[in-house]
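What follows is a single structure, written as structure tokens, with notes after it.
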Amino acid sequence: MGSRLLCCVILCLLGAGLVDSEVTQTPKYLIKSRKQQATLRCSPHSGHFSVYWYQQALGQGPQFLVQYYNQKVRGEAHLLDRFSGKQFSDSRSELNLSSLELTDSAMYLCASSEDTALCDQMPLVQKHSYPSSGSGCQGVNCQPGRPRPR
């Protein structure tokens, strides 16, 4: 049974009931096996045209995946080739994950905003660099002397 559990990919989504945001994600929870596909949906706050997707692995901070604004990709960071998405004319968005792997087990978060004016001037995810200690570690979850998370 232990190996069977290892073959499952668990995708947890932040329910809109946990915060007063008026952003709705479906499904709320999703369990899939390796190599299957999943579609995550986000309905943004009324009047918001920007939708942001993040992935948060256990014990890690959220990692920016992609931003959509008026049905176009406005920013992309950690979006894997197996992940794709889109935004519809009513600002709803989908994130499609294909050929799921164990490393995809995470919480997937959706956020929305009215506009992207500030995002054009600054990065959506601030990356920090630490003095080189031979680990090659750079990013928001790195610490000096600690190897890069995989």
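Mind the numbering: the sequence shown is residues -21 to -1, 1 to 129 in mature numbering (1 follows the signal peptide of the UniProt record, and there is no 0), read in order. Note that the Cβ used here is the ideal one computed from N, Cα and C, for glycine as well.
**Prompt:** If we ignore side chains and look at the alpha-carbon of each, how far apart do Asp60 and Phe67 end up?
**Reply:** 21 Å
**Request:** Please confirm if the stretch 6 to 19 is in contact with the stretch 34 to 41, defined as three or more CB-CB distances below 8 Å between the two stretches.
**Result:** no
**Message:** Once the 5 residues before and after Leu76 are set aside, which same chain residues still bring their CB inside 7 Å of it?
**Reply:** Gln16, Ala17, Arg61, Phe62 and Asp83
**Message:** With DSSP as the reference, identify every bridge partner of Phe43, one or two as the case may be.
**Reply:** Tyr33
**Request:** For Arg71, collect the residues of the same chain with a Cβ closer than 6 Å to its Cβ; drop the 5 residues on either side in sequence, then sort them by chain order.
**Result:** Ser22
**Message:** With the cut-off set at 7 Å, would you say Lys11 and Leu79 are in Cβ contact?
**Reply:** yes
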